[in-house]
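Report on the following structure.
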Amino acid sequence: MMCLLCHQRYEPRLGWSDFLTVKEADVLCEQCRRSFSLIEGERCHQCDRPFSLISDSYRYGELCTDCLRWQQADEWRDVLTKNRSVYVYDEWMKDVVTRWKFRGDYALVEAFRVDVRREFFRHFSADVVLVPIPLSKKRLYDRGFNQAKALAEILSLPIADVLERVDSEKQSKKTRMERLRTVQFRLCTREWRYDQCVLIDDLYTTGSTVYHAARLLKQGGVRDVSSFTLARA
786 MMCLLCHQRY EPRLGWSDFL TVKEADVLCE QCRRSFSLIE GERCHQCDRP
836 FSLISDSYRY GELCTDCLRW QQADEWRDVL TKNRSVYVYD EWMKDVVTRW
886 KFRGDYALVE AFRVDVRREF FRHFSADVVL VPIPLSKKRL YDRGFNQAKA
936 LAEILSLPIA DVLERVDSEK QSKKTRMERL RTVQFRLCTR EWRYDQCVLI
986 DDLYTTGSTV YHAARLLKQG GVRDVSSFTL ARA
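Listed below in structure tokens is the structure:
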């Protein structure tokens, strides 16, 4: 087989138990697979940020200081139940995401399938509706696919495309106050009612994107909104 990332040929390691359970071979070689850093150990109870990657001054009990600020703001308190992520957004992950998103290598989503499914169902039930974070029309046209939708499809659960992006500027280019004040989304329809939704995106950085989306869903009648991302920066 050929590794989806390094394109080197490799022999997948399969034992008898793998054949008995009809387990599919990994699409990555062992070296590339080992390069992914799963989020493990102590982490923020709210956003899944690993405490090992921040100093003690950025920790407040079970929360990181970013989440503490979200919870201290009246308009954002309890908007998002929790975020859970799969990988640490290190240099390796940054390179992989860049290839996937910006170079149009859609097939790389298969490299995440096993880990994404395992981590999602570890934290969420199958009784939720998935809401992918949308791209602007221009970015979707340029990229050819929405990475959040691709991740959602891995999970084989109901998907509701009920959000539309109204702000196309990258959030990373804005200050925190600009991100908080910017209206990022609008609801595409009012003809839906869901009890529990999980927002799906590729990356959780400051939380601004998922908090804005979660607030809009709650205003639309959703009782409980969480988020699930491929990586946590």
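To convert, note that position 48 of the sequence shown is 833 in the working numbering; the numbers rise steadily by one, no gaps.
Just so it is clear, CB atoms sit at the ideal spot from N, CA and C, and this is done for glycine as well.
| query | result |
| --- | --- |
| 8 Å CB neighbourhood of Ala1016 in its chain, flanking five on each side removed | Ser870, Val871, Tyr872, Val873, Tyr874, Met878, Val882, Asp987, Leu988, Tyr989 |
| For Glu815, the three-state DSSP class (helix, strand or coil) | helix |
| Beta-carbon proximity check, Ser1012 vs Val968, cutoff 8 Å | no |
| Whether Leu838 touches Tyr845 by CB criterion (8 Å) | no |
| At least three beta-carbon pairs within less than 8 Å, the region 924-933 to the region 900-908 | no |
| Residues that DSSP places opposite Gly845 in a beta bridge | Gly is not the amino acid found at residue 845; the sequence shown has Tyr there. Leu848. |
| CA-to-CA distance, Asp811 to Ala896, given in whole angstroms | 8 Å |
| Where Val807 falls: helix, strand or coil (DSSP) | For Val807, the predicted structure reports a pLDDT of 46, less than 50, and the residue's modelled location is therefore unreliable. A value from the coordinates is still provided. DSSP places Val807 in coil when its eight states are reduced to three. |
| Beta carbon of Tyr891 nearer than 8 Å to that of Phe930 | yes |
| Whole alpha helix (DSSP H) elements within the region 840-924, 4-residue minimum | 850-857, 876-887, 898-908 |
| Pairwise C-alpha distance: Val914 and Val807 | For Val807, the predicted structure reports a pLDDT of 46, less than 50, and the residue's modelled location is therefore unreliable. The matter cannot be settled from this model. |
| CA-to-CA distance, Val864 to Ala858, given in whole angstroms | 10 Å |
| Assigned secondary structure, Ile824 (DSSP; H/G/I helix, E/B strand, else coil) | coil |
| Terminal residues of the alpha helix (DSSP H) in which Leu1001 lies | 993-1004 |
| Cutoff 7 Å; reference Trp977; Cβ partners in own chain excluding five residues on either side | Ala945, Val947 |
| From Leu789, Thr866, His997, residue whose alpha carbon lies closest to that of Cys817 | Leu789 |
| Whether Ser921 touches Arg966 by CB criterion (8 Å) | no |
| Inter-residue spacing [alpha-carbon to alpha-carbon] between Val894 and Arg819 | 17 Å |
| Inter-residue Cα distance where the pair is Tyr843 and Arg898 | 32 Å |
| From Cys832, Glu815, Cys791, Ile824, residue whose alpha carbon lies closest to that of Tyr996 | Cys832 |
| Test item: CB-CB of Ile985 and Ile918 under 8 Å | yes |
| C-beta contact flag for Thr1014 and Asn868 at 8 Å | yes |
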